[in-house]
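Trainee: To convert, note that position 209 of the sequence shown is 268 in the numbering used here; the numbers rise steadily by one, no gaps. Using N, Cα and C, we set each Cβ at its ideal position, and we do this for glycine too. Sending over a structure as C-alpha cells; questions will come in a sec.
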Amino acid sequence: MTKALIFGTGSVGCVYGYILSKAGVQVVTACRSNYEAVNEAGITIRSALFGNVHYRPTTVRNLVEAKSHGPFDYILVCSKAFPGVSTQIEIAVGAETSIVVAQNGIGIEEEYFQRYPNNTIISGVVWLPTVQVAPGVVVMGPNERIDLGTYPANAPASAKAKVDVLSKLWVAGGGNAPVYDDVQARRWLKLSVNFAFNPISALTRCDGSNFLLSSEVADDIIVKVMRQVGQIAAAEGYADITEESIQERMKFHRARTKTGGKDPSMLMDVKAGRPIEVDAILGNTLRIAQKHNIDVPLVEMLYGLATALNFSIVKDERWVPVLVG
Numbered sequence: 060m061t062k063a064l065i066f067g068t069g070s071v072g073c074v075y076g077y078i079l080s081k082a083g084v085q086v087v088t089a090c091r092s093n094y095e096a097v098n099e100a101g102i103t104i105r106s107a108l109f110g111n112v113h114y115r116p117t118t119v120r121n122l123v124e125a126k127s128h129g130p131f132d133y134i135l136v137c138s139k140a141f142p143g144v145s146t147q148i149e150i151a152v153g154a155e156t157s158i159v160v161a162q163n164g165i166g167i168e169e170e171y172f173q174r175y176p177n178n179t180i181i182s183g184v185v186w187l188p189t190v191q192v193a194p195g196v197v198v199m200g201p202n203e204r205i206d207l208g209t210y211p212a213n214a215p216a217s218a219k220a221k222v223d224v225l226s227k228l229w230v231a232g233g234g235n236a237p238v239y240d241d242v243q244a245r246r247w248l249k250l251s252v253n254f255a256f257n258p259i260s261a262l263t264r265c266d267g268s269n270f271l272l273s274s275e276v277a278d279d280i281i282v283k284v285m286r287q288v289g290q291i292a293a294a295e296g297y298a299d300i301t302e303e304s305i306q307e308r309m310k311f312h313r314a315r316t317k318t319g320g321k322d323p324s325m326l327m328d329v330k331a332g333r334p335i336e337v338d339a340i341l342g343n344t345l346r347i348a349q350k351h352n353i354d355v356p357l358v359e360m361l362y363g364l365a366t367a368l369n370f371s372i373v374k375d376e377r378w379v380p381v382l383v384g
C-alpha cells in the first residue's frame, strides 16, 4: 500500500489527505494546534465539490511519531513556506520518498533539492480555496486542482514516473492533478495573482474584492503589479503572464466585487497575528528581478512594506521600543 505523510495539516493538508485516502493511500497527518480534535474526531470537510465528507487519518503530533508509520512513498509539505522547513521533515524522509512541495511562492523547491539530492522533488502548484473554520473542520468551494511536475524540470525519467503515479492516485481520489514537463510556468502564473493580492490585502486589511472597490486606482495598481511579475517571469524564460492572462484573472476578481470575496492567506495570517510568507512570495521574486537587472518598483515597494509588516508581527532582536513623550 502507498503511504503518504501530510506535513502541515491546515485546510489544504486536510483536503489533500482526504483525496489520497479515497485513492486507497495510507495517510498519516502531522498535526499541531488541531491535533486533539483530529485525533479524537477525524477531519470533516464541507465541500461544494465533494459534499460533506469525513475521514480519519492516522494522526501524529510530530515527525518522530510519524517515522514509526513509514517509510513513506510521498511527503506532502503543505505548511507555510518559511525558510528552513526542509530540515523539519528530515527524520521522515526515506531513501525512496518523493517530496511534494505544495506551498505558495517561487524558488521554494531549491532548498529541498539541495538537502535531498537523491530524492525526487515534486513541485505542486495549489489551486484550492479553502479554510479551516474549526480544528479539523474545513470548508472549501467547488474547485480543486494541483499542477504537478518535477524539480528541476529535467529530472530523470524515474522521477517523472513518480509524478505520474501521484497524479493517477489524485484522480482516483476524485481530484485534479495535471502533470507538466516544466511546472514552473504554472507556478509563475499563480504567483502573479498571489504577489498582487496577498501583500496588498495584508497591508490594507481589505480582501481583494473590497480593495478593488476602495478607489478608482485600485484595479490599475493590481494590474501593474501583475505586469511587473510577468516581466520577471519572462526573464526566467516563462512568457505565460500575458496581458490577456492578466485580464482573464482580473475578470474573475472583478466579478467577485458583486458576489463577495475571500481573505487571502496573508490577510488571514495578519488578523491572527501570525508571520507572513514574505520570502517565498515576495523576497524570492525580487531577488530574481535583481539577478536580471530588471527595474520593478512596485515589486520592490511591496516587498519592503510587507517585510516591515512582518517585522511588526515577529519583533525580533532588532526591534526597538517605541518611546512615549
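Between the segment 332-348 and the segment 248-265, do at least 3 Cβ pairs fall closer than 8 Å?
Mentor: The segment 332-348 vs the segment 248-265: in contact.
Trainee: Please classify K221 as buried or exposed, where buried requires at least 16 neighbouring CB atoms within 10 angstroms.
Mentor: With 16 or more other Cβ atoms within 10 Å, it is buried.
Trainee: Should E81 and G129 be called a contact, given that it needs their Cβ atoms to be closer than 8 Å?
Mentor: In the sequence under discussion, the amino acid at residue 81 is Lys, which differs from the Glu named in the question. Contact flag unset, no.
Trainee: Leaving out five residues on either side along the sequence, give the residues of the same chain with a beta carbon under 7 Å from the beta carbon of T118.
Mentor: T88, C90, Y94, V97 and N98.
Trainee: Examine the Cβ distances between the segment 168-185 and the segment 195-211 and report whether three or more of them are shorter than 8 Å.
Mentor: Short answer: they touch.
Trainee: With contact counted as at least three CB pairs below 8 Å, one residue from each stretch, are the segment 126-145 and the segment 154-165 in contact?
Mentor: Segments in contact, yes.
Trainee: Thinking C-alpha only, which one of P356, Q147, F66 and G83 is nearest V284?
Mentor: It is P356.
Trainee: Among N213, N369, K227 and G234, which one has its Cα closest to the Cα of A331?
Mentor: Of the candidates N213, N369, K227 and G234, the one whose C-alpha sits nearest the C-alpha of A331 is N369.
Trainee: Counting only the same chain and skipping the five closest in sequence on each side, list residues whose C-beta sits under 7 Å from that of Y171.
Mentor: These residues qualify, in order along the chain: S145, I158, V160 and I180.
Trainee: Which residue marks the beginning of the alpha helix (DSSP H) containing L357, and which one marks its end?
Mentor: Per DSSP, L357 belongs to the alpha helix (DSSP H) from P356 to V373.
Trainee: Near H113, which residues of its chain fall below 8 Å by C-beta distance, leaving aside the five closest residues on each side in sequence?
Mentor: Only G101, I102, T103 and I104 meet the Cβ criterion.
Trainee: Cutting at 8 Å between CB atoms, please list the residues of its own chain near A193, excluding the five before and the five after it.
Mentor: Cβ neighbours of A193 beyond the five flanking positions: A96.
Trainee: With DSSP as the reference, identify every bridge partner of A89, one or two as the case may be.
Mentor: Answer by DSSP bridge pairing, in chain order: F66 and V119.
Trainee: Can V196 and T189 be called in contact, C-beta distance under 8 Å?
Mentor: Against a cut-off of 8 Å, the Cβ pair of T189 and V196 comes out as no contact.
Trainee: Please state the DSSP three-state secondary structure of D241.
Mentor: If DSSP states are grouped into helix, strand and coil, D241 belongs with coil.
Trainee: At which residues does the alpha helix (DSSP H) containing S217 begin and terminate?
Mentor: Taken as a continuous stretch (DSSP letters only), the alpha helix (DSSP H) holding S217 covers A216 to A231.
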